[in-house]
Amino acid sequence: FIGGRQYLVVLVITVINLMGSAVKGASVLGMPKWSTDLFLAYGVAMILTTIMVGQLPAQVNASNCMLDFINNYFMLFTSYVSLGIEFSGLVHCVYLVQIIFSKITGKPIESNEPPRSGVQMLFFWVRVVMSLAILGFSLAVTITALFAGNTNMWAGVSPYVSVIILFVLMAVVGMMEGMQIAF
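My numbering numbers the first residue of the sequence shown as 171 and each following residue consecutively.
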């Protein structure tokens, strides 16, 4: 469920970013140029909107109310979509990371479920491989786009710095997601 929900959060954030891009040369309420540049040109307004509209309310409600959070039909629908995404295997590469960390630390993975049968194990590993293939393809497309200059990266930033920024931001997001799950 958590993997599917996180995928939906990414989808909501992407849609909000696509809908909220600023028009070049826009002037908002006669604000000074530096504040317009800060909020519109550098994307601070979109970042704040994305966080406050796209992610924060759902995250706060879910952490405070837990299962009561899904006590309406829209959230029930969202839960089923999240479970469907989880079942599809789109984000199953996280289970490979879990298994690797379990092997490194020597701590077994605790589960209330019975051990998987042969068919279940095959289905699980097929979804893990599929997820890794999708992740690898996505990463290849993103890095190719960064080197080709087909992104909205700030003007003057070299492709190598863009790739470094990409991996730093992915590491930060990964740590934040880990903390969210841990708490």
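For glycine and all other residues, C-beta sits at the position ideal for the given N, C-alpha and C. Keep in mind that this is a model prediction, so the values were computed, not measured.
To which residues of the same chain is residue i closer than 6 Å at the C-beta, ignoring the five residues directly before and after it?
| i | result |
| --- | --- |
| GLY317 | According to the sequence provided, residue 317 is Phe. The question's Gly does not apply to it. Around PHE317: PRO329. |
| SER332 | LEU316, MET323 |
| THR321 | ALA315 |
| VAL185 | none |
Is it the case that the Cβ atoms of residue i and residue j are separated by a distance below 8 Å?
| i | j | result |
| --- | --- | --- |
| GLY259 | MET300 | yes |
| VAL298 | TYR265 | yes |
| PRO278 | SER287 | no |
| LEU309 | CYS263 | no |
From residue i to residue j, what does the alpha carbon distance come to, in whole angstroms?
| i | j | result |
| --- | --- | --- |
| THR275 | GLN268 | 11 Å |
| PHE294 | TRP204 | 52 Å |
| VAL296 | GLN290 | 10 Å |
| ILE335 | PRO202 | 29 Å |
| MET346 | LEU302 | 22 Å |
| PRO285 | LEU292 | 13 Å |
| VAL261 | THR219 | 26 Å |
| PHE307 | PHE337 | 16 Å |
CB of residue i to nearest heavy atom of the ligand SAH: below 7 Å?
| i | result |
| --- | --- |
| ALA325 | This structure simply doesn't include the ligand SAH, nor any ligand for that matter. |
On the CB-based measure, 16 or more other CB atoms within 10 Å of its CB, does residue i come out buried or exposed?
| i | result |
| --- | --- |
| SER252 | buried |
| LEU210 | buried |
Starting from the C-beta of residue i, find all residues in its chain whose C-beta is less than 8 Å away, skip the five residues before and the five after it, and write them out in chain order.
| i | result |
| --- | --- |
| LEU208 | VAL214 |
Taking 7 Å as the limit between beta carbons, can you name the residues of its chain near residue i, skipping five residues before and five after?
| i | result |
| --- | --- |
| SER197 | THR206 |
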